[in-house]
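Number 1694 in the numbering used here belongs to position 214 of the first sequence; there are no gaps in the numbering.
Don't be surprised by glycine CBs; every beta carbon is placed ideally from N, CA and C.
These numbers come from a predicted model, not from an experiment.
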Amino acid sequence: MNGTLVVLGGPTAVGKTACGIEIARHFGTEIISADSRQVYRETSIGTAVPSPEELKAVKHHFVQTISLENTYNASMFEHQVLDCLQELFTRKQLVLMVGGSGMYIDAVCEGIDELPGTDPRLRKQLLKRFEEEGLEVLTGELKELDPVSYEKVDLKNHMRVLKALEISLQTGKPYSSFLSDSIKERPFGIIRIALDMEREVLYDRINQRVEQMMEAGLLEEVKRIQHLRGYTALKTVGYRELFKYLDGEVSLEEAVDLIKRHTRKFARKQLTWFRKEDRYRWFSPDKPEEIIHWIDKHLPGQDS
RNA sequence: GGGGAGAUACCAAAGUGGCCAACUGGGGUAGACUGUAAAUCUACUGUCGUACGACUUCGGAGGUUCGAAUCCUUCUCUCCCCA
């Protein structure tokens, strides 16, 4: 396959969806959503899924396609998107990938190493040990099993330590032996674009959007999926806080306030990811014509 | 009118003579990231400086003391109780 994948990233609420649709329409193409939460079928308000009109305006892939009960991860996303792109590039020269999940985007653009599957019980057991015995015991064990990871992994981050231990224990081989450190070659070109705006304006938009979500019935959505709250996919801004409200831990007003604050944090985290290593060309979301112009200039055969 | 409590950094809040530029949390800023990634983790957050450090802070003014956010006097403001 050949063609160009244009990636459009940026923080939540910056206006990726609208901007992406404008660009996609201009190029007469379709959109791949790179959003680790919009893939889930049961949620739409809190995940800010594109509206029915928007979905009609441009065909979107990977929006509300799987259940919260399924396991899903960056590697699965990589494979599915590559398959999807293979088909799309037979019809389109350019495909747009829009989303805020940096890791998912990187999995598609640069690849992610194949890891063996693990027994969920092992993960549970390790989590229990982390809670009961503490992180130090586990990092000590990692030092024995996989000294390379011990040196590389963030030893204060229990998720990282657990992952490395889990793979090492499951396979009897060090976790680090599965990691290649290399960037996979893709049979298509990639143009990376990120959106940002003045911080204050972004925060305003976030606050407003949270209010709109509440008006649109976020609380009802949360109530509807309460039975699924154990899934990590629901440890998500907007859902966590309202679960807390339903538990009577905070007032509704407090919960909404928390959602706003946590969304701001999330946006900052996303920006950190996209800023990494100057990989992205930054634009303002209200100037799609500039973006289109820039894409045009950088398309293969358009050398200048 | 009488009695009591309190004013600490962006916010909340600890500190009650030296270990205080001041605990902690929130907020903010920056960063990390190979399968939960909207997860998880880290650093900084009075001013100036890369840093050793220097300088100005704990409602205002004065005082005691070698030394005060901490003690005294007084002023301003806030809150609570009794009238």
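- By the Cβ criterion, the stretch 1534-1542 is not in contact with the stretch 1612-1632, since fewer than three pairs of Cβ atoms, one from each stretch, lie closer than 8 angstroms.
- Residue 1492 and residue 1747 do touch by the CB rule: their CB atoms are close to 5 angstroms apart, below 8 angstroms.
- When 1729, 1714, 1735 and 1781 are compared, the shortest CA-CA separation from residue 1522 is found for 1714.
- Taking the Cα positions, residue 1764 is about 28 angstroms away from residue 1695.
- Residue pairing by DSSP places residue 1513 opposite 1578 in a beta bridge.
- Note on residue 1636: under 16 other CB atoms within 10 angstroms of its CB, so exposed under the neighbour-count rule.
- Setting aside the 5 residues that flank it on each side, residue 1610 is surrounded in the same chain by 1618, 1638 and 1642, each with a C-beta closer than 7 angstroms to its C-beta; the list follows chain order.
- Fully enclosed beta strand (DSSP E) runs of no fewer than 3 residues occupy 1511-1513 of the stretch 1510-1568, in order along the chain.
- Under the 8 angstroms Cβ criterion, the stretch 1682-1694 counts as touching the stretch 1735-1747, having at least three qualifying pairs.
- Within the DSSP bridge table, the entry for residue 1669 names 1484 as partners.
- Distance from residue 1595 to residue 1510 at the Cβ level is roughly 30 angstroms; contact not present, criterion being Cβ atoms closer than 8 angstroms.
- The DSSP-derived three-state label of residue 1674 is strand.
- By the beta-carbon neighbour count (other beta carbons within 10 angstroms, threshold 16), residue 1780 is exposed.
- For residue 1761, no alpha helix (DSSP H) segment is defined; the enclosing uninterrupted segment is the beta strand (DSSP E) at 1761-1763.
- Closest in alpha carbon position to residue 1591, among 1484, 1649, 1710 and 1554, is 1554.
- Membership of residue 1748 in the alpha helix (DSSP H) is indicated by the continuous run 1732-1755.
- Annotated three-state conformation of residue 1500 is helix, per DSSP.
- In this structure, the straight-line span from the alpha carbon of residue 1602 to that of residue 1562 is close to 30 angstroms.
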